[in-house]
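Chemist:
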Amino acid sequence: MNRKKIALVSATRAEWYLLWNLAKELEKDEEIELLLLVTGAHLSEGFGNTYQEIEKDFNITRKIPILEDNDDRLSLAKSLAVAVSGFAESFDELEPDAVVILGDRYEMLGVASAALMMHIPIIHLCGGELTLGAMDDSIRHSISKMASLHFVSTKAYKKRLMQLGEEKKRIFNVGSLAGENVKKLKLLSKKELENKLGLSLKSFLLITYHSETLNLQNTKKEVQILLDFLDTLKDITLIFTKANADENGLLINQTLENYCLKNTYKAKLFDNLGALKYLSALKHAKAVVGNSSSGICESGFFKTPCINIGDRQKGRLRGSNIIDCEMKDLKKAFKRLESEEFKEKMKRFKNPFESKKSPSIFIKDVIKNTNLATILQKDFVDRK
Numbered sequence: 001m002n003r004k005k006i007a008l009v010s011a012t013r014a015e016w017y018l019l020w021n022l023a024k025e026l027e028k029d030e031e032i033e034l035l036l037l038v039t040g041a042h043l044s045e046g047f048g049n050t051y052q053e054i055e056k057d058f059n060i061t062r063k064i065p066i067l068e069d070n071d072d073r074l075s076l077a078k079s080l081a082v083a084v085s086g087f088a089e090s091f092d093e094l095e096p097d098a099v100v101i102l103g104d105r106y107e108m109l110g111v112a113s114a115a116l117m118m119h120i121p122i123i124h125l126c127g128g129e130l131t132l133g134a135m136d137d138s139i140r141h142s143i144s145k146m147a148s149l150h151f152v153s154t155k156a157y158k159k160r161l162m163q164l165g166e167e168k169k170r171i172f173n174v175g176s177l178a179g180e181n182v183k184k185l186k187l188l189s190k191k192e193l194e195n196k197l198g199l200s201l202k203s204f205l206l207i208t209y210h211s212e213t214l215n216l217q218n219t220k221k222e223v224q225i226l227l228d229f230l231d232t233l234k235d236i237t238l239i240f241t242k243a244n245a246d247e248n249g250l251l252i253n254q255t256l257e258n259y260c261l262k263n264t265y266k267a268k269l270f271d272n273l274g275a276l277k278y279l280s281a282l283k284h285a286k287a288v289v290g291n292s293s294s295g296i297c298e299s300g301f302f303k304t305p306c307i308n309i310g311d312r313q314k315g316r317l318r319g320s321n322i323i324d325c326e327m328k329d330l331k332k333a334f335k336r337l338e339s340e341e342f343k344e345k346m347k348r349f350k351n352p353f354e355s356k357k358s359p360s361i362f363i364k365d366v367i368k369n370t371n372l373a374t375i376l377q378k379d380f381v382d383r384k
């Protein structure tokens with residue numbers, strides 16, 4: 001029996017945490033050969049060498065380093081070029097029948113470009129979303145147009161891909177990949193989490209702040225405003241996770257590192273919490289703060305409030321647990337967090353990302369039952 005060779009690509013901790021269940025489903029299916037390709041921040045010491053976490057559960061087929069030493073625009077453009085070259089060579093040697101890509105990061109644009117030129121079908125997860133404050137928005141839609149199959153998390157995102165001219169029969173609404181993690185993992189109690197993290201967690205904030213890649217000139221100033229505000233909060237622990245390997249990401253991480261070194265009694269910066277500790281922290285946190293997609297898409301599974309700062313996640317579907325604000329309005333946002341009106345609203349909260357489906361099994365079954373050799377040529381569907 002000729003098994004289908006499916007290449008699954010991951011470049012960051014956040015992405016891998018969403019892909020883990022799908023990787024496991026593909027690995028255990030006798031009709032599929034999983035090719036696990038790891039790149040980007042996973043292979044960086046500065047981001048915690050997170051490939052080592054992957055190797056606890058899986059055999060990595062190929063490690064493809066692409067990151068430059070810096071994170072300025074030229075370095076990121078060079079990393080993209082290295083990604084195209086490195087993945088083209090790997091695809092030539094491994095000969096996958098399809099490549100699975102999640103999301104919208106620049107590393108995945110390199111992967112998709114290589115696959116497109118090598119005539120390998122692309123299977124895209126989490127398309128159709130919007131993040132108007134980041135270049136990721138353009139990257140996501142570009143990958144969608146290169147892709148042959150789409151798996152999205154809501155009806156609204158399916159409709160948006162149809163607006164892009166994609167054929168309805170190629171788009172599958174499977175619900176939230178994060179929700180699958182929430183249902184399957186046995187999360188830590190607050191006490192267990194305290195022991196794991198080495199911090200008092202009587203009351204704590206979970207904070208992730210990334211650069212706004214379409215508005216970079218004020219990054220340093222904005223991070224300092226955030227830290228200065230957090231200093232005004234009393235009797236609260238601060239758990240920071242590092243920014244992505246984006247432009248100005250190193251600047252953010254160095255600033256956070258310096259802050260946490262000066263405030264060891266109340267603040268700690270983590271390269272990578274991993275799925276279990278991160279979701280447990282998300283469950284027990286007083287609030288999620290920053291501009292991470294997980295704040296928008298995953299906090300709702302625990303009815304945890306999220307203070308979302310700036311435009312990076314502008315355009316995403318969001319629940320009523322999200323408090324949107326500009327950096328200068330953090331005081332107002334925290335005041336709303338404590339208001340009786342907001343607390344009453346949270347009692348009636350409904351999570352827009354809730355789904356009864358098991359996305360990973362569904363995705364695997366579609367891949368297994370699709371003739372991948374015939375899906376490269378697509379029609380563009382004009383819609384009024």
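Just so you know, we're using the UniProt record's numbering here: the sequence shown kicks off at 1 and counts up by one. Positions of the beta carbon are idealized from the N, C-alpha and C atoms, including for glycine.
May I have the straight-line CA-CA distance separating residue 396 from residue 291, to the nearest angstrom?
Modeler: This structure does not reach residue 396, given that the chain is present from 1 up to 384, and the question cannot be answered.
Chemist: Beta carbon of residue 239, beta carbon of residue 279: below 9 Å?
Modeler: In the sequence shown, residue 239 corresponds to position 239, counting from 1. In the sequence shown, residue 279 corresponds to position 279, counting from 1. Against a cut-off of 9 Å, the Cβ pair of residue 279 and residue 239 comes out as no contact.
Chemist: Check residue 120 in the structure and name its three-state DSSP category.
Modeler: Your numbering for residue 120 matches position 120 in the sequence shown. It is coil, neither helix nor strand.
Chemist: Could you check which residue in 162, 171, 137 has the C-alpha nearest to that of residue 151?
Modeler: Along the sequence shown, one-based indexing puts residue 151 at 151. The option with the nearest alpha carbon to residue 151 is 171.
Chemist: Mind the definition here: the stretch 68-79 touches the stretch 97-105 only if three or more C-beta pairs lie below 8 Å; say whether that holds.
Modeler: Contact fails: fewer than three Cβ-Cβ distances are below 8 Å.
Chemist: Starting from residue 33 and walking both ways along the beta strand (DSSP E), at which residues does that stretch end?
Modeler: On the sequence shown, position 33 is the one that residue 33 refers to. Counting along the chain, the beta strand (DSSP E) containing residue 33 begins and ends at 32-39.
Chemist: Could I get the ranges of all uninterrupted beta strand (DSSP E) runs contained in the stretch 210-254, with 3 residues as the minimum, in chain order?
Modeler: Taking only runs of at least 3 residues, the beta strand (DSSP E) segments lying wholly in the stretch 210-254 are 237-241.
Chemist: In the DSSP assignment, find the alpha helix (DSSP H) that holds residue 306 and state where it starts and stops.
Modeler: As a working note, residue 306 is residue 306 in the sequence shown. Premise fails: residue 306 lies in the beta strand (DSSP E), 306-309, not in any alpha helix (DSSP H).
Chemist: Taking only three categories from DSSP, how would you classify residue 110?
Modeler: As a working mapping, residue 110 is identified with position 110 in the sequence shown. Residue state, collapsed to three classes: helix.
Chemist: Look at residue 263 and residue 48 and say whether their C-beta atoms are less than 9 Å apart.
Modeler: Reading the sequence shown from its first residue, position 263 is the one you call residue 263. Reading the sequence shown from its first residue, position 48 is the one you call residue 48. Not a contact, by the Cβ cut-off of 9 Å.
Chemist: Ignore the nearest five residues each way along the sequence and tell me which others in residue 346's own chain have a CB closer than 8 Å to its CB.
Modeler: Numbered from its first residue, the sequence shown carries residue 346 at position 346. So the list reads 303, 305, 320, 321, once near-sequence residues are dropped.
Chemist: Cutting at 7 Å between CB atoms, please list the residues of its own chain near residue 252, excluding the five before and the five after it.
Modeler: Your numbering for residue 252 matches position 252 in the sequence shown. Hits under 7 Å: 209, 211, 219, 223, 243.
Chemist: For residue 342, collect the residues of the same chain with a Cβ closer than 7 Å to its Cβ; drop the 5 residues on either side in sequence, then sort them by chain order.
Modeler: Translated into the one-based positions of the sequence shown, residue 342 becomes position 342. Excluding sequence neighbours, residue 342 sits near 336.
Chemist: Label residue 373 either buried or exposed according to how many other C-beta atoms from any shown protein chain fall within 10 Å of its C-beta, with 16 as the threshold for buried.
Modeler: On the sequence shown, residue 373 is found 373 positions in, with the first residue counted as 1. Classification for residue 373: exposed.
Chemist: Can we say the stretch 123-131 touches the stretch 139-155, given the rule of at least three CB pairs closer than 8 Å?
Modeler: Yes: at least three Cβ pairs fall under 8 Å.
Chemist: What does the alpha-carbon distance come out to for the pair residue 164 and residue 140?
Modeler: Along the sequence shown, read from residue 1 onward, the residue named residue 164 stands at position 164. Along the sequence shown, read from residue 1 onward, the residue named residue 140 stands at position 140. When rounded, the distance between both Cα atoms is 12 Å.
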